Amino acid sequence: MLLYRPQRKSHLGLDIIAQAKRGEKADSVFKAREVRSQLPDILKTTKIPLTSCGPNWDIVRKAICSAYFHNVARLKGIGEYVNCRNGMPCHLHPDSALYGLGYTSDYVVYHELILTTKEYIQCATSVEPG
């Protein structure tokens, strides 16, 4: 990988290298940064106080689940999930961060379903019921 880093912005190049080593796509990271930069203005406009959840990631997972409740899948067998709403069988996409972890979550919430010879779920996060 060839990466040009201007001296004043060397920290940005290191971030990209670290993300590439972890398999993250640069476009997704840039989009997330763009959205994150807009959030303080949105909160200020709607008069919602800006607070941090700190290390409590359960709050973030609950927010994701409430937004994607229709895309919840339950583990059926080895590597196979079933959508809880319509019973459609689906599998974790090989590019997913959850794929090949050695641990399979009983439930996942996903953003995208790709229909090929198999139904693959992408942008999945592990969730716990309750």
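To convert, note that position 43 of the sequence shown is 43 in UniProt numbering; the numbers rise steadily by one, no gaps. Backbone N, C-alpha and C define an ideal beta-carbon position, used for all residues, glycine too. Here the structure is a predicted model, which means the values were calculated and not measured.
{"query": "Closest to Ala73 by C-alpha separation, out of Leu92, Ala63, Trp57, would be which residue?", "result": "Leu92"}
{"query": "What do you get for Val127, buried or exposed, if any count of 16 or more other CB atoms within 10 angstroms of its CB means buried?", "result": "buried"}
{"query": "Quick check on this structure: which residue in Thr117, Ala97, Leu115, Pro129 has the alpha carbon closest to the alpha carbon of Cys123?", "result": "Ala97"}
{"query": "For the beta strand (DSSP E) containing Arg85, list its first residue and its last residue.", "result": "Per DSSP, Arg85 belongs to no beta strand (DSSP E) and is neither H nor E."}
{"query": "Any C-beta of chain C sitting closer than 8 Å to the C-beta of Thr104?", "result": "Given the protein chain composition of this structure (a single chain), no chain C is represented."}
{"query": "Less than 8 Å between the CB atoms is what I'm expecting for Cys90 and Leu113, so what's the real figure, rounded?", "result": "6 Å"}
{"query": "By the 10 Å Cβ neighbour count, where 16 or more other Cβ atoms means buried, how is His111 classified, buried or exposed?", "result": "exposed"}
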